[in-house]
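Chemist: Take a look at the following structure, please.
In the numbering used here, the protein residues as written are 115 to 466.
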């Protein structure tokens, strides 16, 4: 049985333009590594009633609920109270956590305000998650469907707690399962046309799931498979991936989600010992910039020409005045003449 999780980022500051929830990215990564699918992310302000309702609802529909933030000492830190109310359990002062808290302030050589003691209260039946980087411990509570975890909000406290404390506690209660992803980067087609081509393939399957994402300059297709073993997940990805590749052909330029088009072009030029030059007008050197911002681009990039007005197209690249007058500067024949001028003047193998 596949396990799912939902994440709550607690804190009114996350509902303003000044702060963004980044904790859920790390939590999602770690859960995916365990084969757990994150099916929802929620941002809820410092409102005990709303947070209680959200935790109670999620505990009924998902296996793992993780809340980050709201464990501090102030009145607006309501996560402990909300989680206890959602579970119908008491908050109990933990003497060990109280001692750890007092010693932490002593080590910092700072007086401990009385409200800090709130951080030593644990939900009945909870296991404290040590926090060597802050004062608020996390909490791990086993539930009927799985687990509820409360984590501190500051990333420098949350990150080590997730990796060192939460993940080891989740592993024993999760069935063997893996999540694997296969990605395609596509160019030369619009999003709606892409979907029309591949929908007959991916709509036949619920596993793997398929997501189409638009990015400046290209499109992504992500396949995400869940299975008990890597071999089973790979087989699912191969089956759907083969159908997508058949439909898209050379519109797919890479299966590396982190490899942009200019990197693929650069690798091919280097592989074939070829060179390239650019001739640009309206793009103002953008193509040359993208080709040269990669390390080692001097192996294949020879020159870039930015000829914005018609006179420079004629003088620098040898485009005829008659061609411009006949087709206008913004036309395919003039662009082709500009490319030929750049290629011949730079002695490059190719020109754009």
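Ideal placement from N, C-alpha and C gives every residue a C-beta, glycine not left out.
Would you tell me roughly how many angstroms separate the C-alpha atoms of residue 389 and residue 401, rounded to the nearest one?
Modeler: Using only the alpha carbons, I get a separation of about 15 Å.
Chemist: Between the segment 370-377 and the segment 433-441, can you find at least three pairs of beta-carbon atoms closer than 8 Å?
Modeler: Cβ pair count under 8 Å is below three, so no.
Chemist: How should residue 282 be labelled, buried or exposed, when 16 other C-beta atoms within 10 angstroms of its C-beta is the threshold for buried?
Modeler: Residue 282 comes out exposed.
Chemist: Measuring alpha carbon to alpha carbon, tell me which of 336, 249 and 222 ends up nearest residue 235.
Modeler: The option with the nearest alpha carbon to residue 235 is 249.
Chemist: Using the rule of at least 16 other Cβ atoms within 10 Å of the residue's Cβ for burial, across every protein chain shown, is residue 386 buried or exposed?
Modeler: By the neighbour-count rule (16 or more Cβ atoms within 10 Å), residue 386 is not buried but exposed.
Chemist: Give every residue of the same chain whose Cβ lies closer than 7 Å to the Cβ of residue 247, excluding the five residues on either side of it in the sequence, and list them in chain order.
Modeler: Cβ within range, chain order: 270, 271 and 274.
Chemist: Under 8 Å Cβ to Cβ from residue 309, same chain only, skipping five residues before and after it: list those, please.
Modeler: 326.
Chemist: Could you check which residue in 184, 358, 237 and 427 has the C-alpha nearest to that of residue 205?
Modeler: Cα-wise, what sits closest to residue 205 is 237.
Chemist: Can you tell me the Cα-Cα spacing of residue 142 and residue 466, whole angstroms?
Modeler: Rounded to whole angstroms, residue 142 to residue 466 spans 41 Å at the Cα level.
Chemist: Does the separation of the CB atoms of residue 137 and residue 182 fall below 9 Å?
Modeler: Against a cut-off of 9 Å, the Cβ pair of residue 182 and residue 137 comes out as a contact.
Chemist: Is residue 351 close to chain D, meaning its C-beta is less than 9 Å from at least one C-beta of that chain?
Modeler: Given the protein chain composition of this structure (a single chain), no chain D is represented.
Chemist: DSSP puts residue 293 in a beta bridge; with which residues?
Modeler: The partner list for residue 293 (beta bridge, DSSP) reads 340.
Chemist: Just reading off the alpha helix (DSSP H) that residue 382 is part of, what are its end residues?
Modeler: Taken as a continuous stretch (DSSP letters only), the alpha helix (DSSP H) holding residue 382 covers 375-385.
Chemist: Where residue 452 and residue 445 are concerned, what is the direct C-alpha to C-alpha distance, given to the nearest angstrom?
Modeler: Taking the straight line from one Cα to the other gives about 11 Å.
Chemist: Can we say the segment 146-160 touches the segment 118-137, given the rule of at least three CB pairs closer than 8 Å?
Modeler: Because the criterion of three Cβ pairs below 8 Å is met, the segment 146-160 and the segment 118-137 touch.
Chemist: What's the C-alpha gap between residue 436 and residue 413?
Modeler: Distance between the alpha carbons of residue 436 and residue 413 is about 36 Å.
Chemist: Could you check what DSSP says for residue 153 in three-state terms: helix, strand or coil?
Modeler: Residue 153 falls in the strand class under three-state DSSP.
Chemist: Out of 145, 198 and 285, point me to the one whose CA is closest to residue 163's CA.
Modeler: Residue 198 is the option with its Cα nearest to residue 163.
Chemist: What whole-angstrom Cβ distance do residue 229 and residue 193 have, given they're in contact under 8 Å?
Modeler: Contact doesn't hold; Cβ gap of about 15 Å is too wide.
Chemist: DSSP three-state label for residue 357, please.
Modeler: Correct three-state label for residue 357: helix.
Chemist: Does the segment 312-325 come close enough to the segment 349-360 to have 3 or more Cβ pairs within less than 8 Å?
Modeler: Cβ pair count under 8 Å is three or more, so yes.
Chemist: Using 10 angstroms around the beta-carbon of residue 392, count the other beta-carbons present and answer buried if the total reaches 16, otherwise exposed.
Modeler: Answer is buried; the Cβ neighbour count reaches 16.
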